[in-house]
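One structure is given here, and the rest of the page talks about it.
Numbering (UniProt numbering), first residue to last: 1 to 467.
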């Protein structure tokens, strides 16, 4: 057994100053500068860049001015960052890029054999001409650690669908912070990288769930582009959260119209307005956008997203069940009925009150999602998205604690071993947690399809073997 030990490997990195945010006058200011500050380790597995490497840290690098010693010190990109003393020296300029090398790590060292497990490194640049109180901010490219698993379980057919879209798109900081400073991030910063994950639990067939898997994030991207244009034109008048609620609502309704044949759809270069599936087919949708500052969740149906923060399991979605007081009232007001038939069901048929598809139960079943907008915190451990095949047999707390333990167990078993990313950047520890949760749900008697996504939000997890 080992104990958790936060360490930092020696690296050299090159920095691309393609973002015009810095107040630095010219490249000559960087010659022979030694930089001291703190380095932040994030959930962003990147190879260590040794001397002679050509690796480039993207221009989403977060820096914050330290007005006490008048140098640019590292600010944690997310609240879960680990900071340690570190110093860099500028080696020179190559092809317009500043090359910096770690020259001091204080008392902390690490075996180069496991140096590749560094999640991320942040470099701060001092400018002799900058003034106190002026903040220059960049965000380090944030790549989440995730794994997913889906099993048919005891159902005759697989009707669930899962999608993981790392590096989904760039989100302007003003769409997250408006004119405010969040997590030391200046809202004049261009963009943060957002990543998309979604679980779709189909019923009556797999067609709608599969369509959502292929289409919903694309529809969301279209809505976000509309938001961007409103920012450029200065016409965005609502609060940031209201804007996101509108974007997700428009996205879900658009996909629902396409599913029902009410709007033309374009997939694989073919455009038509034919229904995707019979009216008796539908799907839940729980999706999330994750960036270094926020977790945004949109949910329609009874799939669920839960954040594990510290020792607390925090639901970021609220199941849409017909017996939920507000949902019951809405259905009744629309002329519908909630009937007790093997549980509360809309007209005795559907055990959820919102979904995409299910045209035969409209207007009582609606596709409108509920959206939560959650700033990230240092204590965030992991985020779990799953279909009710998991939640029906395990509590939020149990799922979160199991996911955390399986991630830690994987790291303990693989101390000093090379950590390889799987297909599409899948993290082995998060994948092990997703696999274990699906297996555990089956052991606990789940009779449904089971789909699970685990996103590890914690920064570098290090373990030091006992001497």
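Where a beta carbon is used, it is the ideal one built from N, C-alpha and C, also for glycine. All of these numbers come straight from a predicted model, not from anything done at the bench.
Discussion item. Going by DSSP, what residue range makes up the beta strand (DSSP E) through residue 299?
Written reply: 294–300
Worksheet item: Over what stretch of residues does the alpha helix (DSSP H) that includes residue 238 continue unbroken?
Response: No alpha helix (DSSP H) holds residue 238; DSSP gives it neither H nor E.
Item to complete: Identify whether residue 99 lies in helix, strand or coil by the three-state DSSP scheme.
Response: Summary for residue 99: the model assigns pLDDT 45, below 50, so the residue's position carries little reliability; its value from the coordinates is reported in the next sentence. Residue state, collapsed to three classes: strand.
Fill in: Beta-carbon proximity check, residue 244 vs residue 371, cutoff 8 angstroms
yes
Discussion item. So, at 8 angstroms on beta carbons, what are the nonlocal neighbours of residue 170 in its own chain, with the 5 sequence-adjacent residues on each side left out?
Written reply: 190, 191, 192, 193, 194
Fill in: Classification of residue 352 by the beta-carbon crowding that lies within 10 angstroms, buried from 16 upward
buried
Practice prompt. Specify, as a first and last residue, the run of the beta strand (DSSP E) that residue 304 falls within.
Written response: 304–309
Discussion item. Using only the alpha-carbon positions, how far apart do residue 315 and residue 415 sit?
Written reply: 32 angstroms
Discussion item. Quick check: residue 309 and residue 380, are their CB atoms within less than 8 angstroms of each other?
Written reply: yes
Fill in: Nonlocal neighbours in the same chain, by C-beta distance under 6 angstroms from residue 206, ignoring five residues either side
159
Worksheet item: Taking the Cβ atom as the reference point for each residue, do residue 364 and residue 334 lie within a distance shorter than 8 angstroms?
Response: yes
Worksheet item: What alpha helix (DSSP H) runs, 4 residues minimum, are completely inside the region 384–439?
Response: 388–391, 396–413
Worksheet item: What is the residue span of the alpha helix (DSSP H) that residue 217 lies within?
Response: 207–233
Discussion item. What would DSSP say about residue 49, mapped onto helix, strand or coil?
Written reply: Here the model assigns residue 49 a pLDDT of 30, short of 50, so the residue's position is not dependable and the matter cannot be decided.
Worksheet item: Buried or exposed: where does residue 263 fall if 16 or more other Cβ atoms within 10 Å of its Cβ makes it buried?
Response: exposed
Fill in: Nearest candidate by alpha-carbon position, reference residue 327, set 367, 290, 257, 237
367
Discussion item. So if DSSP puts residue 382 in a beta bridge, which residue, or which two residues, is it bridged to?
Written reply: 308, 456
Practice prompt. Tell me whether residue 252 sits in a helix, a strand or coil according to DSSP, three-state version.
Written response: helix
Worksheet item: Exposed or buried, what is residue 439 when buried is set at 16 or more other beta-carbons lying within 10 Å of its beta-carbon?
Response: exposed
Discussion item. Does residue 137 pass the burial test, meaning 16 or more other C-beta atoms within 10 Å, or should it be called exposed?
Written reply: For residue 137, the predicted structure reports a pLDDT of 33, less than 50, and the residue's modelled location is therefore unreliable. A value from the coordinates is still provided. Classification of residue 137: buried, given that the 10 Å Cβ count is 16 or more.
Item to complete: For residue 221, collect the residues of the same chain with a Cβ closer than 8 angstroms to its Cβ; drop the 5 residues on either side in sequence, then sort them by chain order.
Response: 168, 169
Discussion item. Less than 8 angstroms between the beta carbons of residue 300 and residue 354, yes or no?
Written reply: yes
Item to complete: Note down, in chain order, each residue of its chain lying with its Cβ closer than 6 angstroms to the Cβ of residue 219, except the 5 sequence neighbours on either side.
Response: 251, 254, 255
Worksheet item: Using 8 angstroms as the Cβ pair cut-off and three pairs as the minimum, do the region 340–348 and the region 272–283 touch?
Response: no
Worksheet item: Out of curiosity, what's the CA-to-CA distance linking residue 332 and residue 318?
Response: 20 angstroms
Worksheet item: Which same chain residues, not among the five before or five after residue 339, have their C-beta less than 7 angstroms away from its C-beta?
Response: 345, 347, 348
Worksheet item: Using DSSP with H/G/I as helix, E/B as strand and the rest coil, what is residue 259?
Response: helix
Worksheet item: Hey, residue 283 and residue 201 are a contact pair by Cβ (cut 8 angstroms); roughly how many whole angstroms apart?
Response: 6 angstroms
Item to complete: Take the Cβ of residue 357 as the centre, count every other Cβ of all protein chains shown within 10 Å, and call the residue buried at 16 or more, exposed below.
Response: buried
Practice prompt. Can you tell me which of the three DSSP states residue 335 falls into?
Written response: coil
Discussion item. Are the CB atoms of residue 441 and residue 147 within a distance shorter than 8 angstroms?
Written reply: no
Worksheet item: Is DSSP giving residue 450 helix, strand or coil here?
Response: strand
Item to complete: Going by CA-CA distance only, name the one from 405, 336, 384 that's closest to residue 455.
Response: 384
Worksheet entry | Exposed unless 16 or more other CB atoms sit within 10 angstroms - verdict on residue 135 | Confidence is the limiting factor: at residue 135 the pLDDT is only 32, short of 50, which leaves the residue's position unreliable, though a coordinate-based value still follows. So residue 135 counts as buried.
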